[in-house]
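For the numbering used here, count along the first sequence from 1 and bump the result up by 15.
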Amino acid sequence: MPLVEILADMEKAGIKINKTVLKGISAKLDRRVKKLEKEIQKLAGAEFNVNSSVQLREVLFEKLKIPAKDIKKGKTGFSTASPELQKIKGLHPIIGKIEEYRELFKLKTTYLDTLPNLADEKSRIHTTFNQAVTATGRLSSSEPNLQNIPIRTELGQLIRTAFEAENGYKLISADYSQIELHIVAHLSGDVKMITTFLNNEDIHTATAARINKIDPGKVTDKMRRAAKALNFGIIYGMSTFGFAQSAGVKQEEAREFIRKYFENYPQVAQFLDEVKISAREKGYVETELGRRRYIPEINSTNIQLRNQAERMAVNMPIQGLAADIIKLAMIEADKLIREKHPKARMVLQIHDELLFEVPEEAVEKLAKDIKATMESIYKLSAPLAADVKVGDNWGEI
DNA sequence: TCTGTCACG
DNA sequence: ACGTACGTGACAGAC
Numbered sequence: 016m017p018l019v020e021i022l023a024d025m026e027k028a029g030i031k032i033n034k035t036v037l038k039g040i041s042a043k044l045d046r047r048v049k050k051l052e053k054e055i056q057k058l059a060g061a062e063f064n065v066n067s068s069v070q071l072r073e074v075l076f077e078k079l080k081i082p083a084k085d086i087k088k089g090k091t092g093f094s095t096a097s098p099e100l101q102k103i104k105g106l107h108p109i110i111g112k113i114e115e116y117r118e119l120f121k122l123k124t125t126y127l128d129t130l131p132n133l134a135d136e137k138s139r140i141h142t143t144f145n146q147a148v149t150a151t152g153r154l155s156s157s158e159p160n161l162q163n164i165p166i167r168t169e170l171g172q173l174i175r176t177a178f179e180a181e182n183g184y185k186l187i188s189a190d191y192s193q194i195e196l197h198i199v200a201h202l203s204g205d206v207k208m209i210t211t212f213l214n215n216e217d218i219h220t221a222t223a224a225r226i227n228k229i230d231p232g233k234v235t236d237k238m239r240r241a242a243k244a245l246n247f248g249i250i251y252g253m254s255t256f257g258f259a260q261s262a263g264v265k266q267e268e269a270r271e272f273i274r275k276y277f278e279n280y281p282q283v284a285q286f287l288d289e290v291k292i293s294a295r296e297k298g299y300v301e302t303e304l305g306r307r308r309y310i311p312e313i314n315s316t317n318i319q320l321r322n323q324a325e326r327m328a329v330n331m332p333i334q335g336l337a338a339d340i341i342k343l344a345m346i347e348a349d350k351l352i353r354e355k356h357p358k359a360r361m362v363l364q365i366h367d368e369l370l371f372e373v374p375e376e377a378v379e380k381l382a383k384d385i386k387a388t389m390e391s392i393y394k395l396s397a398p399l400a401a402d403v404k405v406g407d408n409w410g411e412i
């Protein structure tokens, strides 16, 4: 069946939410948010709208005179975004309060207060999957976006517990492990990176061990974090500055890290160069399956535009192939459940994860089959690996 | 309607 | 030599 029809079925099926849980959390948060607002205003010595970045900027940098050195500027002035607040966190107790307020307010207004109103008579919510929006071939999800349901904070996980399987069913989540780095290994043919995945080693730890020339067992948390930022940097078309920012190191140090990284993964460096050269010649890049992204700015004389174009060019064949692969897996998984377990259904796709709602008696068999399908759908020289988990709700998983 | 911010992969 | 990591969507405030 064509993907577009599968997506229509997923939209129609929807996913069950527990309205009571969401409303309960919201009511509790309401009190906490109001209290935080008062505390912030007291520390500021003024009543103002904490949600207004304009007003907040005045309070922090003019009224309280917190030094704004190193704070990024937007079109309208100093930024109050989270990474900037991080830089001045130790200078005033108001910063911590603002961060907590922001997290709670965001989750409350975007998810807790909105989702219950969108549920149908069966308590299910229905997204729209857009197949022709993104530049890389990914899907997008809107009204509501179910591809950005919180997970990173404790409260976020709690919100996920409100996404449940209906009675007699379980949720199965199947997600690709490090699919984009597997793709980097595959496309570049880098022997060391491929070997790491073939041996089921942790890629970030292995990378840290190599660039520091030590035993994997001797890798510290800090070293692993830096290596992780490097690995991500590859996927994003890393700049020295960008990596320095995310790893929290000085630019000279960043340069050295990057040099060591490419020394260890020389074929990755070569691959990235080749993608850029090809993009300049053709004016487009493409995934291994032939999906194209045109990048006219790749030959711009404006350095900023050209640098940005190069990052897009490097990222697309990686992110795009991951999107191609999971789409193929969706078609195959849909076929599988349709033939063997027509009561089971695929309900969500979140870029590298598929979520299914499955009758209890079919869980064991289907979980195994879905994993096998996802792993065998496309042959990479660093073979795909998928993790499958089962639960009564998404948070538990 | 634009900007800033922040949720996710 | 230039400002800075890829891809999305939703919300609140400012205008």
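Even for Gly, the Cβ is constructed at its ideal location relative to N, Cα and C.
Measuring only the C-alpha atoms, how far is residue i from residue j?
{"i": "R295", "j": "K342", "result": "29 Å"}
{"i": "D217", "j": "A223", "result": "10 Å"}
{"i": "H356", "j": "F178", "result": "22 Å"}
{"i": "R46", "j": "K57", "result": "17 Å"}
{"i": "E77", "j": "I365", "result": "42 Å"}
{"i": "E26", "j": "E158", "result": "11 Å"}
{"i": "Y299", "j": "G257", "result": "24 Å"}
{"i": "I249", "j": "K228", "result": "20 Å"}
{"i": "V378", "j": "D24", "result": "20 Å"}
{"i": "K297", "j": "L320", "result": "17 Å"}
{"i": "D431", "j": "T91", "result": "Since the first residue shown for the chain is 16 and the last is 412, residue 431 is missing from the structure and cannot be characterised."}
{"i": "P108", "j": "R240", "result": "28 Å"}
{"i": "H197", "j": "D288", "result": "18 Å"}
{"i": "K207", "j": "S396", "result": "12 Å"}
{"i": "S254", "j": "V19", "result": "37 Å"}
{"i": "N246", "j": "A200", "result": "11 Å"}
{"i": "E271", "j": "P17", "result": "48 Å"}
Ignore the nearest five residues each way along the sequence and tell me which others in residue i's own chain have a CB closer than 7 Å to its CB.
{"i": "D441", "result": "Residue 441 lies beyond the range of the chain shown here (16 to 412); nothing can be said about it."}
{"i": "F63", "result": "Q56, Q70, V74"}
{"i": "S138", "result": "K31, I32, K34"}
{"i": "T211", "result": "I218, A221"}
Taking Cβ positions, are residue i and residue j nearer each other than 8 Å?
{"i": "S155", "j": "N163", "result": "no"}
{"i": "V48", "j": "K123", "result": "yes"}
{"i": "A59", "j": "E195", "result": "no"}
{"i": "L170", "j": "L37", "result": "no"}
{"i": "I226", "j": "Y276", "result": "yes"}
{"i": "A328", "j": "I313", "result": "yes"}
{"i": "Y116", "j": "E375", "result": "no"}
{"i": "T302", "j": "D339", "result": "yes"}
{"i": "W409", "j": "L213", "result": "no"}
{"i": "I346", "j": "I21", "result": "yes"}
Let me check understanding here. Comparing Cα to Cα, which of the options lies closest to residue i?
{"i": "Q323", "options": "R72, K291, E271", "result": "K291"}
{"i": "R153", "options": "R353, I209, I333", "result": "I333"}
{"i": "S192", "options": "L399, I340, K87", "result": "L399"}
{"i": "I55", "options": "I110, V148, R274", "result": "I110"}
{"i": "D407", "options": "E20, N33, T142", "result": "N33"}
{"i": "E136", "options": "V199, L186, K31", "result": "K31"}
{"i": "K237", "options": "Q266, T220, Y116", "result": "T220"}
{"i": "A269", "options": "S293, A242, Y280", "result": "A242"}
Keeping to the same chain, check which residues put their C-beta closer than 6 Å to that of residue i; ignore five residues upstream and five downstream.
{"i": "I385", "result": "A189, A348"}
{"i": "F93", "result": "R72, F76, A83, I86"}
{"i": "S261", "result": "A244"}
{"i": "R360", "result": "A28, E372"}
{"i": "S203", "result": "Q282, V283, F286"}
{"i": "E181", "result": "K31"}
{"i": "I352", "result": "A359"}
Which residue marks the beginning of the alpha helix (DSSP H) containing residue i, and which one marks its end?
{"i": "V48", "result": "34 to 59"}
{"i": "Q146", "result": "Neither: Q146 is in no alpha helix (DSSP H) and is coded neither H nor E."}
{"i": "Y393", "result": "Y393 -> no alpha helix (DSSP H), and no H or E assigned at all."}
{"i": "R295", "result": "281 to 297"}
{"i": "F76", "result": "F76 -> no alpha helix (DSSP H), and no H or E assigned at all."}
{"i": "I198", "result": "194 to 203"}
{"i": "R117", "result": "109 to 122"}
{"i": "R153", "result": "Premise fails: R153 is in no alpha helix (DSSP H) and is neither H nor E."}
Note down, in chain order, each residue of its chain lying with its Cβ closer than 8 Å to the Cβ of residue i, except the 5 sequence neighbours on either side.
{"i": "E390", "result": "P398, L399, A400, A401"}
{"i": "P82", "result": "I103, L106"}
{"i": "L100", "result": "I110, I113, E114"}
{"i": "E411", "result": "T176"}
{"i": "K330", "result": "Residue identity check: residue 330 is Asn in the sequence provided, not Lys. Excluding residues within five positions, the ones whose Cβ falls inside 8 Å are T151, I250, Y251, G252."}
{"i": "I166", "result": "Q172, R175"}
The beta strand (DSSP E) with residue i in it runs from where to where?
{"i": "R308", "result": "307 to 309"}
{"i": "F371", "result": "368 to 374"}
{"i": "V329", "result": "Taken as a continuous stretch (DSSP letters only), V329 belongs to no beta strand (DSSP E), being part of the alpha helix (DSSP H) at 318 to 355."}
{"i": "A401", "result": "401 to 406"}
{"i": "R360", "result": "360 to 364"}
Quick one: is the Cβ of residue i within less than 7 Å of any heavy atom of the ligand ADP?
{"i": "L381", "result": "The ligand ADP is not part of this structure, which contains no ligands at all."}
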